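At position 29 of the sequence shown the residue is numbered 29 (my numbering), and the sequence of numbers has no breaks.
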Amino acid sequence: MRKRKSELIARILDDCREFHAMGGLDDDGLREAEHVCIRPPEPLTREDIRAIRDQSTYTVYTLARMFNIPARRLRRWEQGLGREPHGMELRLLRMVRDFGVKTVFPLRGG
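Here is the structure:
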């Protein structure tokens with residue numbers, strides 16, 4: 001079922017892009033269609049999550065506070081225990097992995 005649903009969404013998005021190329025859909029409409037059709041991110045392994053913390057210089061407590069989660073949850077993810085991160089937690093972890101902690105969480109002040 002999941003595969004069929006993602007194939008249908010991909011076809012709809014391709015149709016929206018063609019419709020945009022013909023002038024039937026403006027840029028904002030195409031952006032909104034792409035946003036609605038965005039695919040969920042691939043899950044991270046426990047090694048990936050550990051590497052995120054290792055690439056930063058922060059402790060597990062500081063990083064957990066940045067993510068607004070308990071430190072215990074972050075440690076359990078690193079150990080592969082409990083439920084895996086999903087939803088916004090997973091998106092935020094992937095952003096930090098791809099762009100770095102200091103880009104996603106810039107220091108305040110000057």
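We put the beta carbon where it would ideally sit given N, CA and C, even for glycine.
Predicted model only: the values in this text are computed from it and were never measured.
Notebook entry, point to check: Is it the case that the Cβ atoms of C16 and L25 are separated by a distance below 8 Å?
Noted result: Cβ atoms of C16 and L25: closer than 8 Å.
Note to self: Within the continuous alpha helix (DSSP H) that includes G29, where are the two ends?
What the structure shows: Here the alpha helix (DSSP H) through G29 covers D27 to V36.
Checklist line | DSSP state of G82 mapped onto helix, strand, coil | finding: The answer is coil: DSSP assigns G82 none of H, G, I, E or B.
Next item on the list: Compare the C-alpha of I69 against each of T57, L8, P85 and K102 and name the closest.
Entry: Out of T57, L8, P85 and K102, P85 has the C-alpha closest to the C-alpha of I69.
Next item on the list: Go ahead and pull the three-state DSSP assignment for T57.
Entry: If DSSP states are grouped into helix, strand and coil, T57 belongs with coil.
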